[in-house]
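Worksheet: the structure to be examined is printed underneath.
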Amino acid sequence: MENIGLENIALFSGLILSLVGLWGLLTQKNIIKMIVGFALLDTGIHLIMIAVGYVKNSTAPIIGEGVTKANAADVIADPIPQALVLTAIVIGLGITALMLAYAVKMHQKKKSLDINHYKDLKW
Amino acid sequence: MNDIIIKLLWTLLGLFIVLNWGMLMGASMRKIVARVAHRRGIPIYQPWLDLIKLYAKRTSISHGVMFYLGPVFRLGGGVGIFLFLPLIYGSEYWSNFSWAGDLVLILYFQFFGMLGMALGAGEGGHPNSVIGITRGLSQFTTVEIPLTLAVISLALQYNTLSITEIVAAQQGGVQNWTLFTNPVATVAGMLSLLGALRHAPFNLVKAPNEVPIGPPTEYHSAFLGVLRTNGAVLHVVEAALFMNLFFGGATNWAEFIIKTFLIYFWSVFVGVVHPRFRIEQSVVWFLKIPLAIGVLAVILYI
Amino acid sequence: MVGPIYIIAIALGLAFLLGFFKKLNANIAQTFMMAGVGAMSFISVQWLFGHLAGMVTETVTYTAGFKPPFSISLQMGAMEAGVTSMINIFGFLGGVYLWRKLKEMGLNAIIIYMVTLMGLNVIVLTRDLFNLFVFLEVSTIGIVGLILLERGVNTISSGFKYLVAGGVISSFMLIGTIMIYKYAGSLYINDIITSNIAATKGGMVALFLLLIAVILELKPFPANGWALDVYESANSGISAFLSAGFATAMLFVLYKLMPMFPIEWQAMVAVVGGITFIGANLLGIRQKNAQRLLGYSSAGQMGLLTAVIGLSSYLNEQFIFILVTILLGHYLAKAGLFWLAGIVKEKEINSWSLLRREPLLVVLFGVFILTLLGMPPFPSFFGKWELIMKLAAGGQTTWILAILIGSFLEAVYLFKWFGYVLKGENEGLPVLQIKPEKIISPVVFATVSVMAGYYAGSLLGETNFAFYIPLMFIAAIGLLEFLPAFVKNTFAIAGMGYLAYTTLPGLFETDLLRFIFMGIFILGGILTLFAGYYYKGKRQGFYPSALIMFAGLAGIIQAETLLQFFFSWELMTIGSYFLIIRGKRSMTHGFSYMLFSLAGAYAILAAFGMVDAQVGNMLSALGGVTSHATLIFALLAIGFMTKTATLGLHIWLPGAHAEAESDVSPMVSAILLKAGVFGLLLTFFGMGAESAGNSSILYVLGWLGAITALVGNLAASFQEDAKRLLAYSSIGQLGYILFAYAMATQLGWIGGFLYVINHFAFKAILFLTIGAVVLRVKTHNMYEMGGLIKRMPLAFIAALIGIIALSGVPPLSGFAGKWFFYNAVILKGWYFQGAVVFFAGVIAFLYSYRILQTVFLGQLKDEHRHVKEIPLTFLIPIYILVIGIMIFSMYTHWVLEPITQYLTAYFPSDPVHWDGAAATTSLGYWNGTWVMYIIGIMFVLILGWLLWLNAKATKVKQFNMVFSGERPFTPETTHMAHNMYAGYNKALGFITAPGITTFWNKVAEFVTDAAGFIRRIYTGNGQTYAFHIVAYIVIIYFMIF
Amino acid sequence: MDKIIKDLTSRFKVTDYIQQRPNMAYVTVQKELAISLITHMRDIEGFTHFVLLTAVDWIEDNLFQLTYILNSPDKKVDLGIRVMIDRENPTMDSAHHLWQQVATYQRELKEMFGIDFPGSPRVDESFILEGWDDIPPYRRDFDTLKYAEETYFPRDGRGSNDPAEYMKKKLYPDEEK
Amino acid sequence: MSEEQNINQNNEPKEDKFLAEENKIRLVTGPDGKQFQVNPLDDYFCDKRPQVVAPKNKIIEKFLNWARAESLWVLGFGTGCGSIEIPPLLSPRFDAFRYGVQMRPTPRQSSVLIISGYLAVKTLKRAIRTYEQMQSPKYVMALGSCTINGGMYYDSYNTINRVDQYLPVDVYVAGCMPRPEALLAGFVKLKERIKAGNAEGANEYAEKFDWYKANQKKIIKNWNMPDYNW
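Residue numbers (the numbering used here), protein chains in the order written: chain A, 375 to 497; chain B, 165 to 466; chain C, 48 to 1088; chain D, 247 to 423; chain E, 9 to 238.
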């Protein structure tokens, strides 16, 4: 259990989550399900990102209780991935929202949410 | 200047001899053909009479300028070959103007007359003329190949394209004739001659019972006279060319006459015993046997 | 210098501000936006000029006051300045173009537009990996938002596909980024480059994910279906944005990130790019939809540029030049073409013929197409040239081949499209509405393209200006298009005259070979142009095209370097293409002409590359080639033989020449074909015709020439169309010429020169005459003519003399050619080839007679009873040539003796001896002047005799003939013309069976079928596209690791 | 044969019937029925071969008699169909649609007898006579001798002999009759 | 001969109800779009009249006539049943070549036209055209009683009785049909006439052209050409 470690759990769950999301994105015919798949993929990646930034036995990168400027680098977890994750979540959200907006538009036009019905352009 | 005038006079004399010999030769050939058919045939002087009659026709018509020029081109072609062909080996006067050009000139000068004739007949507007000409040209294209190959073979053998030199190389006895030194080329050349002289089986061009007489359908009177004159000259000259190339040339008129007669007789002989080819048949025929022989002639001398 | 940060500041600030004023008048908002974009453009352009002028150095701006890696930094180097300038200028012009649309869509669209533009700028400028990711996403979101400018269901679904695919890609990119951070400990690109990240396996995977994501953003084949749908369905302004703006930025990202990756991966990048270049262009062939076609082209161009980046190690110091010029070409052309697509509003490319209603649009279209293809004088030409040169220097033959194949495939569909524009049916198409704001941007880009071309050329350090003088003259003539034809004609002739005045005397002193060809080009040009006085009206487009061709021809002669030669060669090809395609029904012929020409040009280019790699770029250095000499020789020969229409490469010619206008046919037949001959001669002279490896090629060429002559002449005999007959005859004659030069002996070459001059003269005479006759009788079919000698005696005489010269009957100059041939063939020992050539020569009689007989002799038709003699403007040049041919025939030695001396330098053995007019070889002798005298005198004597005998001949009319006691009924049924050589056809027609045409058709069919088969991977399903992306990543992964 | 005729009579109003030979018979029908009868014979009875069409001028009755002769290759019988038409206004329905060659016969009849066949191809063009402008020469009221004498410059002194008499006179001049 | 004055071809109105369709004046559009009239009779045929060509001076003419007589080129044109009698002439049995008689396939080159038997009006038209296309001097030989007085066709509505009303006949060979020997005799007779300078049929035809033409046109209603077929 010790060998596994929290970051690995996060990493693997993130990996599995993103694979599930990718699988959903690639196989589900329903557009909404595809978007859900994408969201899962996105979340999985965020988990991975956090896992990457995780440092064992370290605290949150907030200066204060036990964390001084001097030992900050040794004690705190890397703050950058966390910052990145925040940004990534925002962007992922934006994209998901845009996808949903598109889904609404598509449904308005063709009254269908099956991705197979939108194949007019090809070749 | 004097030289040239004398030269011209000799040339005219030569032309006169060749013309008359051509007519005599034609008449004797017809006599021979008649005898083969158990007839007596025409009087030996018939060609002269025909010619006089044609020139003495009182009326004539003309379809246009080219119609008029056609026979001029035609006779020009025949006389031109005569002019550029050395007749008698070793005689300066009887070598005519052969210093102006070699064998190639003569080979290509044949076309001069053909082209003019073709255009003249074309201007006549008669469809049969044009049919005849297309046949003639078609056949001629393939007739030329064996001859070309034979000439190349000769050029390789004698290393020259000058007729005079080719004849010179054949002097000194029968064994030196191309006929014996290069028999394959001779065969190719003589097969080509059959087509060039247009006797049967290669006479579809003027096949009288199909396209009345072919190219000269519309020609008559003096026009036809000119054409007949040319025919007489051309036959002798063609025979003389082959004589020079393959049969050792001639050193005197007697030899000239005998040899040209025999060469001409060859085509008549073949003609008498053969029926007529259709045009595509003759085209293909020339591309088979004579072409193969011509190729062989060249291969032997590479 | 205004800092690059202000670019972002302006954009963001404006976007925010505008967001506050929701109710703001759209006009004002848009003005603000344009002002903002203008300011952004200004900033980047000033940096660009600063860099170019050397006033500034690479500058890094730090945000938040920290040094990286702790903050985001923006770098403004020369490249960045250039790329942001491109993006911002595009943004500005695109904004102008989209003016109406944006206004219609309101403030939000304007904001998104600005944000997207800003995103692209940051992508270029930033040196932070995550920042890059963020702004990539911002731009993607922005683009997808802009896609919604159009509300069709296809647009929306394609936008969704784009989003799905983009999402997948960005996921990988994100993983890659974060893993890089894990292994490199920094997101600052410069740090990553210096860190040894590739040492660990995980680091490699991280880099791989990043790289593949960037590559996928460049839409590599075949994982690019999602982008194509967007290109096809989005508003053309947005497609332009995607292609010119977004792709440019992404390409720069790849360029920027390249140092991060292991050096071995460059090959992978190059291969990916190469496959995309070929694959996308292959599939483009089947496209009918203009925007989708442009999408394919866009993907292809990106592939090429990716390949260039991947190949950077071979390109050395020229890498940037190549990258920038090709990128610039793509950027200008693609934006321009998408914009035009928005103006035309027709989806199908065969409806683009309506562009023809607006000449300006056609010009723009032409400029863009040529820019895209890398034709001179546009920038990508120089880029491609340098690319090939450098690749050749690196010994990368496979790459040269791949790039040329890709370019060729691209040319296939672009010129098909061009053909539709120039010649397609435009009846019944809707009216073209041009809004002013839509036309400005393409005009600006076209202008920039031309200027950039000049600039790129001068960067290569050529004495480039001399080659631009004719172009400027042409441009001037082009501006005078509104004038009537005869004025322009006068200008054109004056220009040609000036060219002759300045060049010919000098060439006469220095180089006889070039003098002869220049003489043919210029003299022929002037004479054929003279015939153009016949045309009334403006004759739009004719003079620029013709003069471009002549400028190219003159350039070929004057070229000293390989580049100059190739430049002129391509110029000539373009000009002649425009000339050829002007004819009726000549769309397909112009197309096949262009394809063969381009294929030939690429062969030449490849060969030049190899030459350049070995001995430098001087044309005269051709002889110094040592390695691969045979290959180079063969490539050059094939390249030039496409112009001489040697058998196998000839199928473009008959149609192209036959359908061209009456005065264009002689230009392209009598003159243009000689360019190929000149090229061959340069090769032979330069590379030494007799060197060991080449002689076997020459042997093959000899046979090829002989068979070409045979088949060309035979096919000519079976034609019903007069001009087609002459065209086939040209093929045959060029076969002779090829044969003559392939002999590589002095005699052969004298014969060849004789033929070149002769063919020029008689083919010009014949094409002008027949062309003029066609103008009068309004038909090409010979069986519909006949008897015209009565109406056009002068034309007949000219044609007769032309035919006599053609057929080689003494005494005209054609015979001289035959004489030299005989001698040369026998001395060379090519007996059987020679026999074939002579057979072909005799067959020439068939068609010579046919054209004279069926056009001029025989039966005059009812409707031609009142036709006039051919126009004087044709007669004058024709008779100048006739007189020329007579003099040349009489005094052949005036020309041939100097040529003999000239050739003695190459063939010291001197087998021809000239004594006055008499030529003697070791085989035979010939005296042209005397032959002429003798024949002339004899002819006159016989004619006189006949006249004396027969002066009173009654002149009769055409039906007065023997008709078996009947009379003819109609001239049509009495004229023996149709299927004239039926018997011959029966015997030998199989030789002319169109096997070669069938072969090329099969090739074309195979290629298009392959394209049609492959493109089925683009199912139209967004999931499939996403799957493609995943599969692509996996495959590449396994290929690398 | 009888069966055919019987059958025929039951279907058409056949006025006259002559059995010329066992395998040859003539029937006479009305002008209006003729073509349908012929069609019937061709299509039903198997008289697929058209032998000839000719005419006789019955000037006394003021009639033209048209005779169509048909042949049945299977039954090996001939059938002649006679049609009497008015001589003053000779028209007859055309049968060229049954056999193409009928048109040629009709053209000849038009030229030689002046019998019109409206609708027959090229029926008005001259067939054998080129430029004939007299009454049709096969009509019996056309006097060919008179016409020849008027037109063709007969040579005087023409006489004729009975060859037998002539030879007898020549060989045996003394022998009296 | 009396008809000579009242028939003048030129004044006759050119209305011809037998004018063939292809010989009618037609309106044609040229390639330049202009319309114009084509009158086939004028535009496609020469309408000159034949001219009398006087013989040259006597001695030369005698010589030439001898040559002409010995070189009789016969047109291979069979008109009636007599045409079957001509081919045997060239067979070994009769061998007309001995007499300088040769066959020619085209009237342009021939000098003898043999009317070999009865002439229908239709054939007469062709015979006349052919005769007119021959070049002067030219001779006509008529075989059989049909050509002399109509023979057994004397009362036919379409067979002429006397050829000499339409063409200048030099020699008649009587018989029905004359055998080849008779033809040879005819040739000999013709030669005698030519040598004597009496065979001036061509000039006679030109001289009495109007008379001949009137006779011809009396029966040939659809001549459809200018008067003289060059």
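Glycine included, each C-beta is placed from N, C-alpha and C at the ideal position.
- [ ] Compute the Euclidean distance between the alpha carbons of Pro424 of chain C and Gly855 of chain C, then round it to the nearest angstrom.
- [x] The residue labelled residue 424 of chain C in the question sits at position 377 within the third sequence. The residue labelled residue 855 of chain C in the question sits at position 808 within the third sequence. About 42 Å.
Open item on the list: Do Val929 of chain C and Ile850 of chain C have their beta-carbon atoms positioned less than 8 Å apart in this structure?
Closed with: Stepping through the third sequence from its first residue, residue 850 of chain C is reached at position 803. Stepping through the third sequence from its first residue, residue 929 of chain C is reached at position 882. It is not a contact, given that the beta carbons lie outside the stated cut-off.
Open item on the list: For a minimum of 4 consecutive residues, which ranges assigned as the alpha helix (DSSP H) are wholly contained in the stretch 322–403 of chain B?
Closed with: 327–333, 342–345 and 347–361
TODO: Within the stretch 664–705 of chain C, note down every full alpha helix (DSSP H) run reaching 4 residues or more, in order along the chain.
DONE: 676–691
Task: Under 9 Å (Cβ pairs) to chain E, residues found in the stretch 1011–1029 of chain C - done: Ser1011, Gly1012, Glu1013, Arg1014, Pro1015, Phe1016, Thr1017 and Pro1018
- [ ] Using a Cβ cut-off of 8 Å (strictly closer), state whether Met149 of chain E contacts chain C.
- [x] Against the fifth sequence, residue 149 of chain E aligns to sequence position 141. Closer than 8 Å: no.
Task: Exposed unless 16 or more other CB atoms sit within 10 angstroms - verdict on Leu221 of chain C - done: Your numbering for residue 221 of chain C matches position 174 in the third sequence. Buried: at least 16 other Cβ atoms inside 10 Å.
- [ ] Look up Gln17 of chain E in the DSSP assignment and say whether it is helix, strand or coil.
- [x] Taking the first residue of the fifth sequence as 1, we reach residue 17 of chain E at position 9. Confidence is the limiting factor: at Gln17 of chain E the pLDDT is only 47, short of 50, which leaves the residue's position unreliable and the question unanswerable from this model.
Task: Ordered list of alpha helix (DSSP H) runs contained in the stretch 141–165 of chain C, each at least 4 residues - done: 146–152
- [ ] Return yes when the Cβ of Phe275 of chain B is within less than 8 Å of the Cβ of Gly353 of chain B, no when it is not.
- [x] Within the second sequence, numbered from 1, the residue matching residue 353 of chain B stands at position 189. Within the second sequence, numbered from 1, the residue matching residue 275 of chain B stands at position 111. No, the pair does not count as a contact, with Cβ atoms beyond the cut-off.
TODO: Run the CB neighbour count on Leu600 of chain C, radius 10 Å, all protein chains shown included, and call it buried at 16 or more, exposed below.
DONE: Taking the third sequence and counting its residues from 1, one reaches residue 600 of chain C at position 553. The residue is buried, with at least 16 neighbouring Cβ atoms inside 10 Å.
Open item on the list: Quick check: is the beta carbon of Val410 of chain A nearer than 8 Å to any beta carbon in chain C?
Closed with: Here the question's residue 410 of chain A lines up with position 36 in the first sequence. Chain C contact via Cβ: absent.
Task: Helix, strand or coil at Gln480 of chain C according to DSSP, with G and I counted as helix - done: As a first step, residue 480 of chain C must be located in the third sequence, where it is residue number 433. Coil at Gln480 of chain C, not helix or strand.
- [ ] Taking the CB atoms as reference points, tell me whether Leu396 of chain A and Leu380 of chain A lie closer together than 8 Å.
- [x] Here the question's residue 396 of chain A lines up with position 22 in the first sequence. Here the question's residue 380 of chain A lines up with position 6 in the first sequence. Not in contact: Leu396 of chain A and Leu380 of chain A (Cβ atoms no closer than 8 Å).
TODO: Report yes or no: is there a C-beta of chain C within less than 8 Å of the C-beta of Val390 of chain B?
DONE: Here residue 390 of chain B corresponds to residue number 226 of the second sequence, with the count starting at 1. For Val390 of chain B, the answer is yes, since a Cβ of chain C falls inside 8 Å of its Cβ.
TODO: Return the chain-ordered list of same chain residues with a C-beta closer than 8 Å to the C-beta of Lys485 of chain C, the five sequence neighbours on each side being excluded.
DONE: Taking the third sequence and counting its residues from 1, one reaches residue 485 of chain C at position 438. Around Lys485 of chain C: Tyr144, Trp386, Gly389 and Ile390.
Open item on the list: Tell me the rounded alpha-carbon separation between Tyr228 of chain C and Ile157 of chain C.
Closed with: The sequence position of residue 228 of chain C within the third sequence is 181, counting from 1. The sequence position of residue 157 of chain C within the third sequence is 110, counting from 1. Taking the straight line joining both Cα atoms gives about 36 Å.
- [ ] Can you grab the Cα-Cα spacing for the pair Val171 of chain C / Leu358 of chain C, in whole Å?
- [x] The residue given as residue 171 of chain C occupies position 124 in the third sequence. The residue given as residue 358 of chain C occupies position 311 in the third sequence. C-alpha separation (whole angstroms): 21 Å.
Task: Burial state of Asn19 of chain E (16 or more Cβ within 10 Å) - done: Looking up residue 19 of chain E in the fifth sequence gives position 11. Its pLDDT being 47, under 50, Asn19 of chain E is placed unreliably by the model, and nothing is read from it.
TODO: Check the Cβ of Asp163 of chain E against every Cβ in chain C and list those closer than 8 Å, keeping chain order.
DONE: Your numbering for residue 163 of chain E matches position 155 in the fifth sequence. Neighbours of Asp163 of chain E on chain C: none; closest Cβ ~26 Å, over 8 Å.
Task: Near-chain C residues of the stretch 451–475 of chain A - C-beta to any C-beta below 8 Å - done: Ile454, Pro455, Leu458, Thr461, Ala462, Ile465, Gly468, Ile469, Leu472 and Met473
Open item on the list: Looking only at its chain, what residues have a beta carbon closer than 6 Å to the beta carbon of Asn14 of chain E, apart from the 5 residues adjacent to it on each side?
Closed with: Numbered from 1 along the fifth sequence, position 6 holds the residue referred to as residue 14 of chain E. Reliability fails at Asn14 of chain E, whose pLDDT of 45 lies under 50, so the model's placement of it is uncertain and the value that follows must be treated cautiously. The answer is none, since no qualifying residue turns up.
Task: Among C:Gly342, C:Glu197, C:Tyr278 and C:Met165, the one whose alpha carbon lies nearest that of Phe137 of chain C - done: Counted from its first residue, the third sequence places residue 137 of chain C at position 90. The option with the nearest alpha carbon to Phe137 of chain C is C:Met165.
- [ ] Determine the closest residue to Lys392 of chain D out of E:Val148, E:Pro58, E:Asp163 and E:Met149, with distance taken between C-alpha atoms.
- [x] As a first step, residue 392 of chain D is located in the fourth sequence; it is residue number 146 there, counting from the start. That would be E:Asp163, whose Cα lies nearest to the Cα of Lys392 of chain D.
TODO: Report the rounded CA-to-CA distance for Asn166 of chain B versus Pro347 of chain B, giving the unit in angstroms.
DONE: Counted from its first residue, the second sequence places residue 166 of chain B at position 2. Counted from its first residue, the second sequence places residue 347 of chain B at position 183. So the two alpha carbons sit approximately 43 Å from each other.
- [ ] Consult DSSP for Leu325 of chain D and reduce its assignment to one of helix, strand or coil.
- [x] Counting from one through the fourth sequence, the residue named residue 325 of chain D turns up at place 79. Strand, per DSSP.
Open item on the list: List, from N- to C-terminal side, the alpha helix (DSSP H) runs of 4 residues or more that fit wholly inside the stretch 186–228 of chain B.
Closed with: 210–219
TODO: Using a Cβ-Cβ cut-off of 8 Å, state whether Phe399 of chain D counts as contacting chain E.
DONE: Working through the fourth sequence from its first residue, we reach residue 399 of chain D at position 153. Yes, contact with chain E.
Open item on the list: For Ile67 of chain E and Tyr139 of chain E, I'd like the C-alpha separation in whole angstroms.
Closed with: For the purposes of this step, residue 67 of chain E is taken as residue 59 along the fifth sequence, with counting starting at 1. For the purposes of this step, residue 139 of chain E is taken as residue 131 along the fifth sequence, with counting starting at 1. When rounded, the distance between both Cα atoms is 28 Å.
- [ ] Please compile the residues from chain B whose C-beta is within a distance smaller than 7 Å of the C-beta of Tyr869 of chain C.
- [x] Working through the third sequence from its first residue, we reach residue 869 of chain C at position 822. Within 7 Å Cβ-Cβ: Val268 and Leu325.
Open item on the list: Residues of chain E with CB closer than 9 Å to the CB of Gly205 of chain B, please, in chain order.
Closed with: On the second sequence, position 41 is the one that residue 205 of chain B refers to. Asp103, Phe105 and Arg106, listed in chain order.
Open item on the list: So with CB distances below 9 Å, who are the chain B contacts of Ile521 of chain C?
Closed with: Position 474 of the third sequence holds residue 521 of chain C. Correct list: empty, because the minimum Cβ distance to chain B is about 43 Å.
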